[in-house]
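Here's the structure, in structure tokens; my notes come after.
In UniProt numbering, the protein residues as written are 1 to 306.
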């Protein structure tokens with residue numbers, strides 16, 4: 001059921017449109033009826049998707065930051081702060097929020113607006129009913145892996161010479177990160193790294209012709225949660241990486257901000273492990289130990305040959 005077909009059910013108000021949809025398609029669940037009514041009411045798929053993605057992005061980004069702002073104000077949680085003695089001031093948070101909001105409206109909004117036409121060209125659907133949970137699960141898992149790879153290599157490149165000085169340095173203003181700083185970056189960086197988030201679904205639908213926009217919405221929300229949590233600055237006994245060792249988490253990214261090099265990946269730890277770019281004194285000591293063992297082994301082999 002496409003929004004074009006639903007134009008006949010559109011009404012002057014969204015609530016009336018929802019009622020018409022509900023009466024016509026009783027087999028749909030409430031969320032699917034709300035969804036269909038939105039696209040029917042808007043009568044323009046590009047505007048409907050653009051508005052919804054932007055609202056979802058703003059609501060969940062700042063909504064996910066609020067718990068961390070509250071935690072910052074509760075003394076009990078200070079023992080879980082990774083970088084002790086580096087509190088985040090209100091001035092820093094307000095400055096960060098202002099810059100992030102400006103970036104959202106001037107840099108991210110245009111990218112969001114062209115997303116639907118591009119994906120629709122390759123065959124993205126926004127019809128109802130929604131895809132199955134299994135379909136969304138394997139597609140979003142693919143998105144996480146591809147975005148993590150994109151983020152690792154481009155983030156690592158942004159730490160090279162002029163790229164760091166003129167592009168990435170802004171993001172490292174806060175050596176002790178906090179949730180709001182997840183998207184605090186120069187416009188160029190926002191476009192480069194953001195391409196991994198919106199470009200991955202485009203790549204998927206271009207190759208498979210099988211993608212529903214609701215899957216993209218869920219992907220964006222999960223990616224936002226990952227980014228904000230990675231910048232939270234807190235490490236808890238119940239943090240996700242304790243249960244999924246390959247998950248990056250706040251401790252992984254906090255070390256990147258603290259030491260400025262290493263830990264370039266976004267969601268997972270495997271690229272930094274495989275390519276020996278893990279950050280921090282512990283990782284450095286392990287790296288030296290491995291190099292020493294390798295040198296000693298090579299010397300032993302050489303001596304044996306002689």
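Cβ coordinates follow ideal geometry from the N, Cα and C atoms, glycine included. All of these numbers come straight from a predicted model, not from anything done at the bench.
Residues near residue i by beta carbon distance below 7 Å, same chain, minus five either side
{"i": "residue 272", "result": "262, 263, 264, 265, 278"}
{"i": "residue 152", "result": "264, 265, 271"}
{"i": "residue 287", "result": "276"}
{"i": "residue 194", "result": "108, 111"}
{"i": "residue 136", "result": "215, 218"}
{"i": "residue 258", "result": "83, 175"}
{"i": "residue 50", "result": "112, 113, 116"}
{"i": "residue 205", "result": "119, 122, 123, 124, 211"}
{"i": "residue 222", "result": "140"}
{"i": "residue 198", "result": "111, 115"}
8 Å Cβ shell around residue i - same chain, five flanking residues per side excluded
{"i": "residue 1", "result": "Any reading at residue 1 must be qualified, since the residue scores a pLDDT of 43, below 50, and its modelled position is unreliable; the value itself is stated next. Around residue 1: 25, 36, 127, 128."}
{"i": "residue 52", "result": "38, 217"}
{"i": "residue 80", "result": "234, 235, 236"}
{"i": "residue 246", "result": "268, 269, 270"}
{"i": "residue 34", "result": "18"}
{"i": "residue 163", "result": "157"}
Assumed close pair residue i, residue j - CB separation to whole angstroms, cut-off 8 Å
{"i": "residue 196", "j": "residue 150", "result": "4 Å"}
{"i": "residue 232", "j": "residue 178", "result": "7 Å"}
{"i": "residue 248", "j": "residue 241", "result": "7 Å"}
{"i": "residue 71", "j": "residue 62", "result": "15 Å between Cβ atoms; not a contact."}
Cross-strand partners of residue i (DSSP beta bridge)
{"i": "residue 247", "result": "268"}
Cβ pair residue i, residue j closer than 8 Å
{"i": "residue 227", "j": "residue 182", "result": "yes"}
{"i": "residue 109", "j": "residue 54", "result": "yes"}
{"i": "residue 148", "j": "residue 22", "result": "no"}
{"i": "residue 292", "j": "residue 176", "result": "no"}
{"i": "residue 312", "j": "residue 130", "result": "Given a span of 1 to 306 for the chain in the structure shown, any question on residue 312 remains unanswerable."}
{"i": "residue 158", "j": "residue 167", "result": "yes"}
{"i": "residue 244", "j": "residue 64", "result": "no"}
{"i": "residue 100", "j": "residue 184", "result": "yes"}
{"i": "residue 180", "j": "residue 89", "result": "no"}
{"i": "residue 312", "j": "residue 43", "result": "No statement about residue 312 is possible, as the shown extent of the chain runs from 1 to 306 and does not include it."}
Any C-beta of chain D under 8 Å from that of residue i
{"i": "residue 120", "result": "Considering every chain present, this structure includes no chain D. It has just one protein chain."}
Cβ neighbours of residue i in the same chain (closer than 6 Å, five flanking residues each side left out)
{"i": "residue 18", "result": "37"}
{"i": "residue 5", "result": "Unreliable placement is indicated for residue 5, whose pLDDT of 47 sits below 50; the coordinate value is still reported in the next sentence. Contacts found: none."}
{"i": "residue 146", "result": "200"}
{"i": "residue 14", "result": "41"}
{"i": "residue 212", "result": "125, 131"}
Legend entry - 4-residue-minimum alpha helix (DSSP H) runs that sit fully inside the stretch 205-245, ordered along the chain: Counting whole runs of 4 or more residues, the stretch 205-245 contains the alpha helix (DSSP H) stretches 213-230.
Inset, instruction - Please go through the stretch 67-121 and give each complete alpha helix (DSSP H) segment of 4 or more residues, from N-terminal end onward. - result: Scanning the stretch 67-121 from its first residue to its last, the whole alpha helix (DSSP H) runs of 4-plus residues come out as 90-103.
Legend entry - Runs of alpha helix (DSSP H) wholly within the stretch 119-176 (minimum 4 residues, chain order): Qualifying alpha helix (DSSP H) stretches, in chain order: 133-157, 161-166.
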